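Worksheet: the structure to be examined is printed underneath.
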Amino acid sequence: MNSINRVARTNTDTAERTEEVERNRQEDEKKVKKVETSDANTAKKRLMQDLKSLRASTSGDAGDTLGIYAAPKDDDIFVWKAVVYGPENTVWEGGFFKLELHFSAEYPVVPPRVKFLTKVFHPNVYVDGNICLDTLKSNWSPTLNVEMLLLSIRSLLCDPNPLSAANGEAAQTLTTNPQAYEQKVKELVAASLEQSISDDDA
1 MNSINRVART NTDTAERTEE VERNRQEDEK KVKKVETSDA NTAKKRLMQD
51 LKSLRASTSG DAGDTLGIYA APKDDDIFVW KAVVYGPENT VWEGGFFKLE
101 LHFSAEYPVV PPRVKFLTKV FHPNVYVDGN ICLDTLKSNW SPTLNVEMLL
151 LSIRSLLCDP NPLSAANGEA AQTLTTNPQA YEQKVKELVA ASLEQSISDD
201 DA
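The sequence shown lines up with residues 1 to 202 when you count with the UniProt record's numbering.
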């Protein structure tokens, strides 16, 4: 009888421990979801601030001067469409280059993922459009906003770094045959003008 009681007590204790573990797991999940929700709300608030600031900076003639445009895509605050215009007095002048920015719930602590949708030939842009830029990696700071980031990317177009190449062909061409590099860029600038400039495609 004592053995039966001991077994029963053991089973009861095991069941109670199992229930306690499950309750703790559920509580931990609730805490994680609460933190994720808080992070997402913080990111949304910051992105709304970035959007407001960018609209103020690019309103009227100021937008032409800055040479950038960006806005949320399909009302999704975490995915933005953007356009960077080729800087004046450079081989990139006259072109417009579409990008897409993906933000996480950790923004602005974590930088967005940025990719060119328009084809570019550049030492620091991968063939698939992803960008090799310190501002998006080791030099990222939460104080940077979307406007600053796009201006950095625009500046990168005419200030390539072939020593940190993402596109080996572009880096080699720039280094060994600058004229051929410029010709390739000019061809892509001309091709960029054939793109749709509607918001749906930007």
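C-beta: ideal position from N, C-alpha, C; glycine also.
Predicted model only: the values in this text are computed from it and were never measured.
{"Item": "Keeping to the same chain, check which residues put their C-beta closer than 6 Å to that of C132; ignore five residues upstream and five downstream.", "Value": "N124, A166"}
{"Item": "Evaluate R113 with the Cβ neighbour count: other Cβ atoms within 10 Å of its Cβ, from every protein chain shown; 16 or more gives buried, anything less gives exposed.", "Value": "exposed"}
{"Item": "Considering only residues of the UniProt domain \"UBC core\" (42-194), which uninterrupted alpha helix (DSSP H) runs meet the minimum length of 4 residues and lie entirely inside it, listed in chain order?", "Value": "61-66, 146-157, 168-176, 178-192"}
{"Item": "Skipping 5 residues on each side, what residues in its chain have a beta carbon closer than 6 Å to that of T173?", "Value": "A180, Y181"}
{"Item": "Does the contact criterion of 3 or more C-beta pairs under 8 Å hold for the region 127-142 versus the region 64-78?", "Value": "no"}
{"Item": "Count the CB pairs spanning the region 38-54 and the region 141-159 that are closer than 8 Å, and state whether there are at least three.", "Value": "yes"}
{"Item": "What's the call for T176, buried or exposed, on a 16-neighbour Cβ count within 10 Å?", "Value": "exposed"}
{"Item": "Do the CB positions of V79 and F97 come within less than 8 Å of each other?", "Value": "no"}
{"Item": "Report yes if the C-beta distance between I77 and K44 is below 8 Å; otherwise report no.", "Value": "yes"}
{"Item": "Out of D39, K73, L156, V110, state which residue places its alpha-carbon closest to the alpha-carbon of S141.", "Value": "V110"}
{"Item": "Are the beta-carbon atoms of A170 and H102 separated by less than 8 Å?", "Value": "no"}
{"Item": "So, is the C-beta of E147 closer than 8 Å to a C-beta in chain B?", "Value": "No chain B is present in this structure, which holds just one protein chain."}
{"Item": "If you draw a straight line from the C-alpha of A191 to the C-alpha of L99, how long is it?", "Value": "16 Å"}
{"Item": "Go through its chain and collect everything with a Cβ distance to A105's Cβ below 7 Å, but skip five positions before and after it.", "Value": "E36, D39, A40, A43"}
{"Item": "Please look up how many angstroms separate the CB atoms of T118 and Q183, rounded, as I've assumed it's under 8 Å.", "Value": "In fact, because the Cβ distance is near 18 Å, the residues do not count as touching under 8 Å."}
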